[in-house]
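As structure tokens, the structure follows; a few thoughts come after it.
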Amino acid sequence: MATYFVEWNIELDAESHLEAAKEALRIQRDPDSIATIFTVTKPRTGNNERIIRVIDVLEAEKEDNRNEIRDRLEYLRGEIEAERISYGELAELQSLAEHIDPGDVLLLEWAGVSETREQFYECGICGAFHRVGFDGDCRDDRERFATVPDGAEIVTMEEIEKEDLT
Ligand SMILES: [Zn+2]
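Using the numbering used here, you'd call the opening residue of the sequence shown number 1 and step up by one each time.
As structure tokens, this is what we get:
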């Protein structure tokens, strides 16, 4: 434990000093307020130096939350790989689907997220990738990709032709 000096500042328009203070208090007490940035000073360390940090509590909490979800997803992945995921855990995985990385095929599949991966094919003419269905000019820069985005699928011309026949 240590003693910290915590500062919170806000700029606002008001009719008087008192009104400004009242408004500041109202904002401080508002649980939805985004004025959550504090300057925190640890006045005295061993060699008498001050350590100052600017902390956004809201952001820190969001980050904590993200880390918790990531840890949870890794735990669920372990359960899947060990082939012992329960129905309860499967439901939990589905509830976390929006937090799964788009390229994380295993978790998405288990979360029951339907496959909406964009498909690309390697162009035999220009050597770059085009979106499946693109049938335009290779010189169109917006439709010519050196690499495909994360989570996208690369299909061969044969696969596309097979799809077309069915
Ligand atoms: Zn091309």
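Backbone N, C-alpha and C fix where the C-beta goes; we use that ideal spot for every residue, glycine too.
Runs of beta strand (DSSP E) lying entirely within the segment 10-42, each at least 3 residues, in chain order
Taking only runs of at least 3 residues, the beta strand (DSSP E) segments lying wholly in the segment 10-42 are 37-42.
Could you work out which residue in LYS42, GLU92, GLU61, GLU59 is closest to ILE52 when comparing CA atoms only?
For this step, residue 52 is matched to residue 52 along the sequence shown. Looking only at LYS42, GLU92, GLU61, GLU59, the smallest Cα-Cα distance to ILE52 is reached by LYS42.
One or two residues paired with GLU163 in a DSSP bridge
Mapped onto the sequence shown, residue 163 falls at position 163. The partner list for GLU163 (beta bridge, DSSP) is empty, contrary to what the question assumes.
Beta-carbon separation of GLU59 and ARG117 under 9 Å?
Stepping through the sequence shown from its first residue, residue 59 is reached at position 59. Stepping through the sequence shown from its first residue, residue 117 is reached at position 117. No; because the gap between Cβ atoms is not below 9 Å, this pair is not in contact.
Residue(s) in a DSSP beta bridge with THR130
What you label residue 130 is simply residue 130 of the sequence shown in a count that begins at 1. Inspection of the sequence shows that residue 130 is occupied by His rather than by Thr. According to DSSP, HIS130 bridges with TYR121.
Check whether the Cβ of ARG142 lies closer than 8 Å to any heavy atom of ligand 1, and answer yes or no.
Here residue 142 refers to the residue found at position 142 of the sequence shown. ARG142: no, Cβ never under 8 Å from ligand 1.
For review: beta carbons within less than 6 Å of any heavy atom in ligand 1
Output, sorted by chain position: CYS123, ILE125, CYS126, ALA128, HIS130, CYS138.
For the segment 87-101 against the segment 65-74, are there 3 or more C-beta pairs whose distance is under 8 Å?
Yes, they touch.
Quick check on DSSP: helix, strand or coil for ILE80?
As a position in the sequence shown, residue 80 is number 80, starting the count at 1. In this structure, DSSP gives ILE80 a helical state, which the three-state scheme calls helix.
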